[in-house]
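Note sheet for the following structure.
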Amino acid sequence: MGHILPELPYGYAALEPHIDAKTMEIHHTKHHQAYIDKLNAALEKHPELNGKSVEELLKNLSTIPEDVRMAVRNHGGGHANHSLFWLVMGPNGGRPLGRLADEIENQWGSFEKFKETFTAAALGQFGSGWAWLATDGKKLEIMATANQDSPLSQGKVPLLGIDVWEHAYYLRYQNKRADYVTAWWNVVNWDEVSRRFEQAA
Ligand code: MN
0 MGHILPELPY GYAALEPHID AKTMEIHHTK HHQAYIDKLN AALEKHPELN GKSVEELLKN
60 LSTIPEDVRM AVRNHGGGHA NHSLFWLVMG PNGGRPLGRL ADEIENQWGS FEKFKETFTA
120 AALGQFGSGW AWLATDGKKL EIMATANQDS PLSQGKVPLL GIDVWEHAYY LRYQNKRADY
180 VTAWWNVVNW DEVSRRFEQA A
């Protein structure tokens, strides 16, 4: 049966008005599902990879058989990235607290400065891709990746990510990626980001 689409922990309208219900529904049921279908189709050729999590596959891309390596990178990346994306968003945005808040302040001086730097990474990603807050287990870092490349394939653990593919915002924001990113800050689920941070530390 392979990889399956995770359910969202909230309704499609839960992130309104920042992210509209129609975008959420299409993004989840069509885009995310398509990555999963194509990942499963590729893995059919390699039953020895059955049972490995998509994160495991992405961490060890160089060991994936060459004939499906690009499919795992693109569609496996799409599956992993979107699975994280849904969970690091939620209807009750806010600010980071506790150890994560301290670490962000240590590294960027203030939460505002961190937001500014992360936003610049999201806006600066040319074409389709993602901006990330990630960690190597010691330090936090902001990074951007093209297409569906995952920080996991670079030895990093993604803690927070924003999808800047046009499909993530075009219905509501058209070509105005900056407006989407500004709105998105209102729906970041910092409890989940903190949980990932504690797990990775
Ligand atoms: Mn997407």
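Numbering that gives the first Met the number 0 puts the last residue of the sequence shown at 200; the count rises by one with no breaks.
Note that beta-carbon positions come from the ideal geometry of N, C-alpha and C, so glycine has one too.
| Beta-carbon separation (whole angstroms), Ala79 vs Ser127, contact threshold 8 Å | The beta-carbon distance between Ala79 and Ser127, rounded to whole angstroms, is 16 Å. This is too long to meet the 8 Å contact definition.
- Message: Taking the straight line between their C-alpha atoms, what separation do you get for Leu42 and Asn146?
- Response: Whole-angstrom Cα-Cα distance: 20 Å.
Straight-line gap, Leu14 to Thr144 (C-alpha atoms, nearest Å):
Each residue's Cα considered, the two are about 25 Å apart.
Check your understanding: Terminal residues of the continuous beta strand (DSSP E) containing Ala145?
Key -> Note, Ala145: beta strand (DSSP E), 139 to 145.
Return the chain-ordered list of same chain residues with a C-beta closer than 6 Å to the C-beta of His30, the five sequence neighbours on each side being excluded. Taking His30 as the centre and dropping the five residues before and after it, the same chain places the C-beta of His166 closer than 6 Å to its C-beta, in chain order.
_Three-state secondary structure (DSSP) of Pro46_ = Here Pro46 carries a helix assignment [DSSP, helix/strand/coil].
Exercise. Could you tell me if the beta carbon of His27 falls within a distance shorter than 7 Å of some heavy atom in the ligand MN?
Key: The answer is no for His27.
**Prompt:** Nearest to Arg194 by CA position, among Leu86, Ser61, Lys137, is which residue?
**Reply:** Of the candidates Leu86, Ser61, Lys137, the one whose C-alpha sits nearest the C-alpha of Arg194 is Leu86.
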